[in-house]
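*Asks:* Can you read through this structure? Questions will come right after.
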Amino acid sequence: MINASRLVVVSGGATGIGRAIAGAFANDGDRVVIIGRREELLRQAAEEMNGAAGPASVIPIGADLTDPAEVQRAADRIAELGTVDVLVNNAGAIIAPPAEKGLGALAASWRHDLEINLITAVLLTNALLDRLSRPGGRLVMISSAAAQRGGAGPHSAGSYAAAKAALHGWALGLARQLGPDGITVNILAPGYIQDTDIFRGQATPEFVAAKIADTLVGRPGTPADVAAAVRYIASVDAGYLTGQIIGLNGGAVLGR
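See below:
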């Protein structure tokens, strides 16, 4: 059962996984706010999803979620729409390792990765915390299998894995904090998902084949797979599911 007519906020909702998540909620009849830095992509995505979902239900809001002032402006606009029932923190990216040598370049690269993958979620969540439905609110953090197995190489730099692992520790604390209010907090950690731009076209056929070979089901994940999992985590039926790190990786990383 999916609870209809809710207000759902999805960061990074213009492309890939975020767009699939936003589209799934819109198709369920929910009002969906998509947030990201690329305003033209947001507008285009909203127009296309509104056309597919019937009456306009997808609202684009441009904001750099690493900037506290922009996050607050976005939160103020969302507050005008009502109480937030579901917040999906999906914004994130793999930052290329520093091209230059030296500790300065290394520190800048790590700080950027932490800002994009952790601070964005921290700022948006805290800006909307007082607007979350009590009881019944749902917080979903989109993480990565890299946080569970470690990251290495240009496609899964160590700073990305570390930032996503930090997301886990913070979110589990939120689950403890918000549980008495009837708000659930869960982390979804996908493995290799095709049809996203997270690798920016840099994934070679050999890389893709290796990722698929890691799975037990012999195929890559899709944005639709992630959206389906998020729909359940955010549903009324998932009210007893909280404080969990849920792997969605085709068996590439076994549960523990």
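Residue numbering for the sequence shown follows full-length UniProt numbering, beginning at 1 and increasing consecutively.
In this text, a Cβ means the ideal position worked out from N, Cα and C, and glycines have one as well.
A quick note: this is a predicted structure, and the numbers were derived from the prediction, not measured.
1) Whole angstroms is fine: what's the gap from residue 207's alpha carbon to residue 160's?
2) Apart from the five residues on each side of it in sequence, which residues of its chain come closer than 6 angstroms, Cβ to Cβ, to residue 135?
3) Between the C-alpha atoms of residue 216 and residue 253, what's the straight-line distance to the nearest angstrom?
4) Kindly indicate which residue of 145, 194, 107 has the alpha-carbon position closest to the one of residue 256.
5) Would you check whether the ligand ADP has a heavy atom nearer than 7 angstroms to the C-beta of residue 236?
6) Report the rounded CA-to-CA distance for residue 72 versus residue 26, giving the unit in angstroms.
7) Put residue 184 into one of helix, strand or coil per three-state DSSP.
8) What residue range is occupied by the uninterrupted alpha helix (DSSP H) comprising residue 212?
9) Would you list the one or two residues that DSSP bridges to residue 87?
10) In the DSSP assignment, what residue or residues form a beta bridge with residue 247?
11) Between the Cα of residue 67 and the Cα atoms of 84, 112, 58, 82, which residue gives the shortest distance?
12) Which residues in the same chain have their Cβ closer than 7 angstroms to the Cβ of residue 179, if we skip the five residues on either side of it in sequence?
13) Spatial neighbours of residue 245 within its chain, please: C-beta separation below 7 angstroms, excluding the five flanking residues on both sides.
14) Can you tell me which of 235, 231, 238, 194 puts its alpha carbon nearest to the alpha carbon of residue 249?
15) Distance check for residue 143 and residue 19, CA to CA, integer angstroms please.
16) Does the distance from the C-beta atom of residue 237 to that of residue 16 stay below 8 angstroms?
17) What are the start and end residues of the beta strand (DSSP E) that includes residue 32?
18) For residue 78, does the three-state DSSP call read helix, strand or coil?
19) Just the Cα atoms here: how many angstroms apart are residue 51 and residue 6?
20) Relative to the alpha-carbon of residue 229, which residue among 13, 10, 21 has its alpha-carbon at the smallest distance?
21) What residue does the beta strand (DSSP E) around residue 62 start on, and which one ends it?
22) Since I believe residue 166 is in contact with residue 185 (beta carbons under 8 angstroms), could you give me their beta-carbon distance rounded to a whole number of angstroms?
23) Tell me where the alpha helix (DSSP H) around residue 159 begins and ends.
24) If residue 35 and residue 57 are in contact, beta carbons under 8 angstroms, what's the gap, nearest whole angstrom?
25) Look at residue 263 and residue 14 and say whether their C-beta atoms are less than 8 angstroms apart.
*Replies:* Reading off the structure:
1) 18 angstroms
2) 182
3) 10 angstroms
4) 145
5) With respect to small molecules bound, the structure shown includes none, and the ligand ADP cannot be examined in it.
6) 24 angstroms
7) strand
8) 205 to 214
9) 9, 139
10) 189
11) 112
12) 242
13) 168, 187, 189
14) 194
15) 16 angstroms
16) no
17) 31 to 36
18) helix
19) 19 angstroms
20) 21
21) 58 to 62
22) Their Cβ separation, rounded to whole angstroms, is 15 angstroms, which puts residue 185 and residue 166 out of contact at 8 angstroms.
23) 158 to 178
24) At roughly 15 angstroms, the Cβ-Cβ gap does not stay under 8 angstroms, so residue 35 and residue 57 are not in contact.
25) Outside the modelled stretch of the chain, which goes from 1 to 256, sits residue 263, for which no answer is possible.
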